[in-house]
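Structure, as structure tokens:
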Amino acid sequence: MQTRAVQAAPGLETKFIAFDERAALSDGRIEGYASLFGLTDQGGDEVAPGAFAVSLARKGRSVKLLWQHDPAQPIGVWEALREDALGLHVSGRLITEVRRGAEAAALLKAGAVDGLSIGYRAIRSEKTPGGGRRLIEVDLWEVSLVTFPMLPEARALSGAKTDALAGQAEDEAARALAEALREARGVFS
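In terms of the numbering used here, the sequence shown opens at residue 1380 and continues consecutively.
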């Protein structure tokens, strides 16, 4: 786990996800996945589908867009946050009229900063083999642009690529369900 010099609130945890060169950023607009379901991060935790639902219903767009989890450095606004088959999809805009927002946009565009990270409190979780957790419900406070991602497999994608990846995840989920049904039929035959 990464040590943080700045903490928004006692007990607040963070998870990281990397952008890649295809990160959606134009005129300060940005979108991507802040969390991916079912993948184990470097801290041994995984986020379960539906983990953000209660928090998003309650907080919606009030989830903050921060620089490196620093509550003194808001750099933009998240305009839409939603769960889909892949994970937590976010879209918003960096406020380039403020110094840190302009710097964040330039660093992201150059590839110097390539991560998204969630700041949250775990509401419900279960232990997993190996000492990690499966996060069942989290209270989402913020999604930050960060330097180092905790979940390197997750990438921010733009436009058609985001849609294609979501379609691929839905296809994989359908195949997994069909396989599980075939196996269940074999057990009960």
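Think of the CB as a built atom: it goes at the ideal place given N, C-alpha and C, for glycine as much as any other residue. Source: prediction; values computed, not measured.
Between the region 1488-1497 and the region 1452-1460 there are fewer than three C-beta pairs closer than 8 Å, too few to call the two in contact. With contacts defined by Cβ atoms closer than 8 Å, D1424 and G1511 form a contacting pair.
Taking every protein chain shown into account, the CB of A1451 has fewer than 16 other CB atoms within 10 angstroms, so this residue is exposed. Residue range A1432 to K1438 is occupied by the alpha helix (DSSP H) that includes V1433.
Counting other Cβ atoms within 10 Å of its Cβ, I1409 reaches 16 or more and is therefore classed as buried. Straight-line measurement puts the Cα of H1448 at about 21 Å from the Cα of R1437. Between the alpha carbons of G1411 and H1468 lies a gap of roughly 6 Å. The Cβ atoms of L1435 and G1466 lie no closer than 8 Å to each other. It is roughly 30 Å from the alpha-carbon of W1446 to the alpha-carbon of K1506. In the DSSP secondary-structure assignment, V1517 is bridged to A1501. Scanning A1430, R1472, L1418 and G1422 for the CA closest to the CA of R1440 turns up R1472.
In the structure shown, L1486 falls within a helical segment according to DSSP collapsed to helix, strand and coil. With respect to A1432, E1462 sits close: the two C-beta atoms are nearer than 8 Å.
Membership of A1413 in the beta strand (DSSP E) is indicated by the continuous run R1408 to L1415. Scanning S1504, T1526 and K1443 for the CA closest to the CA of V1426 turns up S1504.
Separation of A1485 and G1407 (C-alpha to C-alpha, rounded to the nearest whole angstrom) is 10 Å. G1510 has no beta-bridge partner at all, per DSSP. Per DSSP, the unbroken beta strand (DSSP E) holding E1458 starts and ends at D1449 to E1462.
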